[in-house]
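Worksheet for the structure shown next.
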Amino acid sequence: MTEQKEHTQKVIVFQIQDEEYTLPVQTVGSIERMVPITRVPGAQPFVKGVINLRGVVTPVIDLRERFGFEPFPETEQTRIITVTVADMNVGLIVDAANDVLDLENDAVEPPPEVVGTVEADYIQGVANVEGRLFILLNLEKVLAEEDVLHLERMHG
Amino acid sequence: MNQYIEVFIDESKEHLQAINDHLLTLEKNPRDLTIVNEIFRSAHTLKGMSATMGYQDLSDLTHKMENVLDAVRNEQLLVDEGVLDIVFHAVDDLEAMVLDIVDGGDGERNVEEAVRMLEAVESGGQQSPKTTTSAGNERKPELFLDDYTKNVIKMAEESGSHPLLVHTHLRNDCLLKAARVYMIFEVLEQAGEVVHAAPPVESLENEEFESSFTVLLITQESAEGIKTAIEKVSEVDYVHVEPFKEKETQPPEGPQVQSQAEISDESAQKTKKSTPRGRTIRVNIERLDALMNLFEELVIDRGRLEQISSDLAHQDLQETVEHMTRTSSDLQSIILNMRMVPVEQVFNRFPRMVRQLSKDLHKRLELTISGAETELDRTVIDEIGDPLVHLIRNAVDHGIESPEVRESKGKPAVGQIELKAYHSGNHVFIEITDDGAGIDRTKVAGKAVKNQLVTQEQAETMSDSQVFDLIMESGFSTADQISDISGRGVGLDVVKSTIESLGGIITIESEYGEGSRFSIQLPLTLSIISVMLVEVQKETYAIPLSSIIETAVVKKEDLMNAHNRKVMDFRGRVIPLIFLTELLQVPVELEEKDDYSVVIVRRGEKMAALVVHSFIGQQEVVLKSLGDYLSGAFAISGATILGDGQVALILDSNALIK
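Line by line, the protein sequences give chains W and R. Using numbering that gives the first Met the number 0, the letters of the first sequence map in sequence onto residues 0 to 155. Using numbering that gives the first Met the number 0, the letters of the second sequence map in sequence onto residues 0 to 657.
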């Protein structure tokens with residue numbers, strides 16, 4: 000069993016645009032349907048605001064906008080994945096979330112460096128499993144705080 | 000075992016605090032033996048408790064300390080600064096041991112140093128001339144009788160009984176003193192009636208006496224008969240019985256006997272006072288927190304129910320919900336009250352701290368504390384300690400000058416620091432005032448310019464209080480020399496941010512050369528607050544009622560322009576308008592109306608009118624943090640969950656008014 004742990008990791012798979020991203024299952028708290036979001040003034044556009052998650056006020060981030068994709072209208076499939084990183088609870092808005100997968104560690108490769116693309120440090124690696132390409136996210140980088148609030152500018 | 004440890008820790012802390020407090024009083028009145036007795040009592044209890052719990056080191060050291068105190072109590076040793084320093088040192092060790100036990104340790108500590116010093120004092124003390132006590136012959140404590148007892152004696156004499164003074168001395172190696180006392184009293188009560196005892200009966204039963212005690216017995220038996228009866232009790236060294244004469248009850252002259260009488264009087268009062276204390280119970284703080292959390296959930300549901308019942312317009316439902324609202328408001332005030340603790344808990348460590356600081360810095364200080372009984376929410380109390388420590392250290396270190404400097408300035412050599420707490424409205428104020436050097440405006444401004452906090456031009460136009468506020472900006476320390484006391488990297492900026500995170504405000508007043516005052520304004524409670532809900536465009540915001548003066552509707556044509564800013568007249572004062580739609584970048588969805596709904600808020604003396612679209616109403620809400628991820632969002636102090644389950648942000652009007 001321990002052997003297996005070292006070689007595979009359980010991940011949650013979700014979609015944004017047409018791409019499939021993964022997050023380690025232990026960082027994910029729950030997957031929620033969309034709920035009304037309260038906007039927080041002064042936050043970056045991709046910080047959509049806060050929601051009431053069973054009595055806890057939780058900030059939510061639109062991953063589409065965080066990754067620089069076009070905004071996409073909310074559908075029946077839209078989900079909020081709540082994750083815990085460094086003691087913070089954050090919700091991530093994704094197009095759909097519907098899969099749990101065991102990912103072989105051997106299948107994970109470092110992100111391909113392509114000239115002319117935006118360097119995305121929040122991508123930890125990619126995995127090609129049976130023709131499907133999964134992008135592994137580095138949550139800390141996704142939530143990097145300096146990007147989230149630009150308070151100083153608001154003060155000025 | 001665990002539950003005993005908790006009780007042990009709580010009580011040890013209380014006793015150590017009592018010892019600390021009394022030692023400080025003793026330092027001021029070294030001749031007052033009543034205080035020594037108080038200290039002795041605490042030390043004795045502590046010794047007993049720690050021995051029972053198996054903390055040998057703790058018990059040993061307390062025992063040594065007790066010996067010294069006993070010598071003082073029996074006037075074999077004079078209280079001076081040297082003795083007090085050593086006792087304080089021992090108390091520090093005791094505190095460290097208790098803290099170790101709190102942290103799950105075994106309370107062991109190398110206390111040789113403290114023990115050696117205590118022993119030196121003790122033996123030194125016994126060699127010192129002891130005029131009042133001649134060896135081998137115990138002093139007979141004098142009795143001081145109240146009028147009631149005197150009357151009883153008088154009546155007894157009329158009915159043929161006579162009062163006897165029975166002085167009993169137990170053997171020094173007597174182990175079960177309380178048991179012997181019980182047996183002796185048994186004998187005495189068969190013979191007659193015990194009307195007075197010194198030390199009091201309660202103390203005797205608790206073994207709070209040395210080896211001898213005196214009782215006043217009203218009996219028809221002869222003195223000789225009583226003496227023989229008592230001598231039959233084992234472990235009695237000797238008994239002395241003599242007829243009691245009224246004149247002895249007059250408190251004789253001389254301070255020594257006077258204080259003896261006070262001792263017994265005082266301890267009698269103490270025991271009486273302690274009886275009603277049985278009506279309180281200790282509750283674990285975590286349970287109170289859990290209760291509070293559950294209640295917060297209830298408040299949210301209550302809000303939801305109110306909304307549902309008003310939507311449904313069902314009469315029975317409405318009445319029930321109304322009743323529930325009233326009950327839960329009562330419940331809320333009870334729960335909030337339970338969490339209130341006197342600020343004394345924080346204040347009581349300061350006298351010791353100031354004493355130590357004055358020694359370390361060679362300054363002469365006097366700390367006056369008032370309003371220590373003022374109550375604050377536990378969560379606030381927990382957080383306010385460190386900022387206060389910092390401010391007091393700051394006042395001692397940077398405020399109060401050395402005695403020489405003070406005298407050359409024509410001030411008294413002893414510096415005054417005043418710590419004051421009081422209630423006002425929904426807030427508690429804590430003020431720290433010193434009569435020290437005050438803040439040098441030019442120096443602060445110069446340093447702020449140098450550190451690029453402000454420009455030279457800004458510094459010149461700033462008001463005094465604005466300049467003083469600069470010392471609380473991060474990266475600012477005015478001390479010329481970095482001393483051990485303050486200025487170790489963390490500065491007043493930390494104090495300021497802690498207080499603001501508690502929803503408080505700190506302001507500085509200072510007169511150069513005359514002294515400074517730091518005032519802290521704190522909310523009574525942090526968790527449930529009254530707010531006014533308003534709509535800005537289609538978004539709902541909550542404004543704390545504590546900062547609102549009133550709401551108003553103003554016509555557009557009544558507004559004025561001042562320097563390109565819209566202002567309005569509010570009872571003769573010109574106050575600026577803040578358009579929340581712009582400030583909070585709210586998406587514009589509504590058409591502009593002909594008049595503005597404004598909420599007039601204040602911060603200290605300053606006011607501003609917040610322009611909103613409509614008022615929803617007043618509501619009690621549970622304050623929730625935005626979470627670490629968004630903490631520090633501009634002008635938002637938190638969030639709350641409304642009746643419909645949605646989140647509304649709470650505006651921080653302090654941040655809106657600059």
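Ideal Cβ positions, reconstructed from N, Cα and C, are used throughout, including at glycine.
Name the chain R residues that come within less than 9 Å of W:Val38, Cβ to Cβ?
The identity of residue 38 of chain W in the sequence shown is Arg, whereas the question assumes Val. Within 9 Å of the CB of W:Arg38, the CB atoms of chain R belong to Glu538, Leu583, Gln584, Val585, Pro586 and Leu648, in sequence order along the chain.
Taking Cβ-Cβ distances below 9 Å as the criterion, which residues of the segment 15 to 42 of chain W are in contact with chain R?
Listed in sequence order: Val34, Pro35, Ile36, Thr37, Arg38, Val39, Pro40, Gly41 and Ala42.
CB contact check: R:Gly302 to chain W, cutoff 8 Å
No Cβ of chain W is located within less than 8 Å of the beta carbon of R:Gly302.
Can we say the segment 556 to 563 of chain R touches the segment 510 to 523 of chain R, given the rule of at least three CB pairs closer than 8 Å?
Per the Cβ contact rule, the segment 556 to 563 of chain R is not in contact with the segment 510 to 523 of chain R (fewer than 3 Cβ pairs under 8 Å).
Return no unless some Cβ of chain W is closer than 8 Å to the Cβ of R:Gln645.
True, the Cβ-Cβ gap to chain W drops below 8 Å.
Looking at chain R, is there any beta carbon in it that lies within less than 8 Å of the beta carbon of W:Asn51?
Yes, W:Asn51 lies at the interface with chain R (some Cβ there is under 8 Å from its Cβ).
What are the partner residues of R:Phe428, as DSSP defines its beta bridges?
R:Tyr421 and R:Gln520, per the DSSP bridge assignment.
Give a yes or no on whether the minimum CB-CB distance between R:Ser652 and chain W is below 8 Å.
So no, R:Ser652 is outside the interface.
Residue closest to R:Arg303, alpha-carbon to alpha-carbon, out of R:Arg278, R:Gly644 and R:Ile649:
In terms of CA proximity to R:Arg303, R:Gly644 leads the group R:Arg278, R:Gly644 and R:Ile649.
Every unbroken alpha helix (DSSP H) inside the segment 163 to 247 of chain R [4 residues or more]:
If only uninterrupted alpha helix (DSSP H) runs of at least 4 residues are considered, those enclosed by the segment 163 to 247 of chain R are 176 to 190, 200 to 204 and 222 to 230.
Quick one: complete alpha helix (DSSP H) runs, 4+ long, within the segment 349 to 427 of chain R?
Here the runs fully enclosed are 349 to 360, 377 to 393 and 402 to 407.
Taking the continuous alpha helix (DSSP H) assigned at R:Lys449, which residues delimit it?
Where R:Lys449 is concerned, the enclosing alpha helix (DSSP H) starts and stops at Arg440 to Lys449.
Short of 6 Å in beta carbon distance, which residues of its chain neighbour R:Val585, apart from the five on each side in sequence? Order them along the chain.
If the five residues before and after R:Val585 are omitted, its C-beta is found closer than 6 Å to the C-beta atoms of Val535, Gln536 and Glu538, all from its own chain and listed in chain order.
Backbone secondary structure at R:Lys605 - three-state DSSP
Residue state, collapsed to three classes: strand.
Counting Cβ pairs, one atom from each stretch, are 3 or more of them under 8 Å apart for the segment 163 to 172 of chain R and the segment 227 to 241 of chain R?
Here the segment 163 to 172 of chain R lies against the segment 227 to 241 of chain R, with 3 or more beta-carbon pairs under 8 Å apart.
Just to confirm, are R:Ala394 and R:Ile431 a CB contact at a threshold of 8 Å?
Contact flag set, yes.
What's the call for R:Asp663, buried or exposed, on a 16-neighbour Cβ count within 10 Å?
Lying outside 0 to 657, the shown extent of chain R, residue 663 of chain R is not represented and no answer is given.
Buried or exposed (CB count within 10 angstroms, at least 16 for buried), W:Gly67
Exposure of W:Gly67 is indicated by the presence of fewer than 16 other C-beta atoms within 10 angstroms of its C-beta.
Proximal chain W residues relative to R:Glu296, where beta-carbon distance stays under 8 Å:
Neighbours of R:Glu296 on chain W, chain order: Gly54.
Cα-Cα separation between R:Ile307 and R:Glu13, rounded to whole angstroms
Across the structure, R:Ile307 and R:Glu13 are spaced so that their CA atoms are roughly 50 Å apart.
DSSP on W:Gln123, reduced to helix/strand/coil?
Of the three classes helix, strand and coil, the one that applies to W:Gln123 here is strand, per DSSP.
Which of helix, strand or coil DSSP assigns to R:Asn563
Note: R:Asn563 maps to coil in three-state DSSP.
Beta carbon of R:His43 nearer than 8 Å to that of R:Glu10:
No. Outside cutoff.
Given that R:Ala89 touches chain W, what residues does it touch there, using C-beta distances under 9 Å?
Neighbours of R:Ala89 on chain W: none; closest Cβ ~42 Å, over 9 Å.
For the alpha helix (DSSP H) that R:Glu295 lies in, which residues bound it at each end?
That run of the alpha helix (DSSP H) goes Ile284 to Leu311.
With 8 Å as the threshold, decide whether the Cβ of W:Val99 is near any Cβ in chain R.
So, not an interface residue.
Can you tell which of R:Glu619, R:Ser545 and R:Gly159 has the C-alpha that lies nearest to the C-alpha of R:Asn653?
Just measuring C-alpha positions, the residue of R:Glu619, R:Ser545 and R:Gly159 sitting nearest R:Asn653 is R:Ser545.
Environment of R:Ser636 [buried if 16+ CB atoms lie within 10 Å]:
Label assigned to R:Ser636: buried.
How is the alpha helix (DSSP H) around R:Phe39 delimited, first residue to last?
Where R:Phe39 is concerned, the enclosing alpha helix (DSSP H) stretches over Leu32 to Met52.
Would W:Val82 pass as an interface residue toward chain R - the criterion being a Cβ-Cβ separation below 8 Å?
Taking Cβ atoms only, chain R never reaches closer than 8 Å to W:Val82, which makes this a no.
By Cβ distance below 6 Å, which residues in the same chain neighbour R:Val413 in space, the five residues on each side in sequence not counted?
Hits under 6 Å: Arg363 and Glu365.
For the 8 Å Cβ check, are there 3 or more pairs between the segment 16 to 25 of chain R and the segment 109 to 124 of chain R?
Not touching, per the Cβ criterion.
Contacts around R:Val194, its chain only, beta-carbon distance under 6 Å, and the 5 residues preceding and following it disregarded:
Contacts found: Thr148, Val151, Leu215 and Ile217.
Less than 8 Å between the beta carbons of W:Leu91 and W:Ala126, yes or no?
No; because the gap between Cβ atoms is not below 8 Å, this pair is not in contact.
Am I right that R:Val342 and R:Leu390 are in contact with their C-beta atoms under 8 Å? What's the rounded C-beta distance?
Contact between R:Val342 and R:Leu390 is absent: CB atoms are separated by about 14 Å, not below the 8 Å threshold.
How close, in whole Å, do the beta carbons of R:Pro522 and R:His426 come, if the pair is a contact with beta carbons under 8 Å?
Here R:Pro522 really is in contact with R:His426; their C-beta atoms are around 6 Å apart, less than 8 Å.
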